[in-house]
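Okay, so the sequence shown: first residue is 837 according to the numbering used here, each after it adds one.
Okay, so here's the structure we're looking at.
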Amino acid sequence: MAGFFSPDSKLYRFMCRLTDMVKLNLLWILCSLPLVTVGAATIAASAVSLKIADGQEGYIGRDFFKAFRDNLRQGIPMSFISALCLWVVWIDFQLFSAVEENSLLFLITGIIAAYVFTFSLLYVFPLLARYENTVFNCLKNSFRISMRYFLRSLLLVIVVAFETAVMFWSRKTLILLIVAGPAFINLTVCSFASIIFRELEKIPGTVSGKEDFSDKDGTE
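If you want it as structure tokens, here you go:
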């Protein structure tokens, strides 16, 4: 019985990871409450999730708040950009449903906007969390990376959509969303991103948009 709870057991590691996700999710929710800081909170959660995906040990609270403070300046614009992207797509589909004449134009516009915005935002928070760069360059690089690894990125979108659907499946699964849902989704994105970043870091300038780049810890 003791073997199940030893530090090397799979059960112990799973429970530790679950505890980390609950902590990270709570921190993300608390720091997102002003709404304008949801971008900074998501970058901070991505910074922690990237470390987890890379197998690096750390302290959830300390690492989160450090990343939150460091990325507040870029995180606030990202809050508005993300909200604007969602609003544009939503309004296009609303107009498609409401307008009788030329409604197909709104449908096509909504689909194109959803495509561009999804892949522009897909890796932007992990990029902002790891690399020194502008918001605009990270949005551009996120789209470029998504197109370069299109099938992998499409799989990520499907996996995230599936995770979201499962969490909204019933009242019981909705508890999972409240307790740790956003943190698990963020970890999924960062797990995909971490693998891609390691591949791209072999090619100078591909991820950062600079000829020689360094991450936010100062290493090259």
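Ideal Cβ placement from N, Cα and C applies to all residues, glycine included.
Bear in mind that the values here come from a model prediction, so they are computed numbers and not experimental data.
*What do you reckon, are the CB atoms on Ala880 and Phe904 nearer than 8 Å?*
yes
Problem set entry | Nearest-angstrom beta carbon gap, Val996 and Leu1025 [assumed within contact, 8 Å] | One point to set straight first is that residue 1025 is Val, not Leu, in the sequence displayed. Confirmed, about 7 Å.
Q. In whole angstroms, what is the alpha-carbon distance linking Phe972 and Thr873?
A. 18 Å
In angstroms with no decimal places, state the Cα-to-Cα distance between Leu854 and Ile948. 37 Å
| task | Ignore the nearest five residues each way along the sequence and tell me which others in Lys887's own chain have a CB closer than 7 Å to its CB. | result | Gly894 and Asp899
- Query: Is Tyr895 helix, strand or coil by DSSP?
  - Reply: coil
Rounded C-alpha distance that separates Val993 from Ala876: 22 Å
Discussion item. My output table needs one value for Pro962: the three-state DSSP class, helix, strand or coil.
Written reply: helix
Flag this pair as yes or no: are the beta carbons of Asn1022 and Ser885 separated by less than 8 Å? yes
Note to self: My output table needs one value for Val996: the three-state DSSP class, helix, strand or coil.
What the structure shows: helix
Exercise for review: Could you round the C-beta distance between Ser1030 and Asp890 to whole angstroms and report it? I think they count as a contact, below 8 Å.
Suggested key: 6 Å
For Thr1055 and Gln892, I'd like the C-alpha separation in whole angstroms. Interpretation of Thr1055 is limited by its pLDDT of 45, a score under 50 that renders its predicted location unreliable; the figure taken from the coordinates is listed afterwards. Looking at the two C-alpha atoms, the distance is approximately 15 Å.
Cutoff 6 Å; reference Asp856; Cβ partners in own chain excluding five residues on either side: Ile896
Q.
Going by beta-carbon coordinates alone, are Phe942 and Phe932 separated by less than 8 Å?
A. yes
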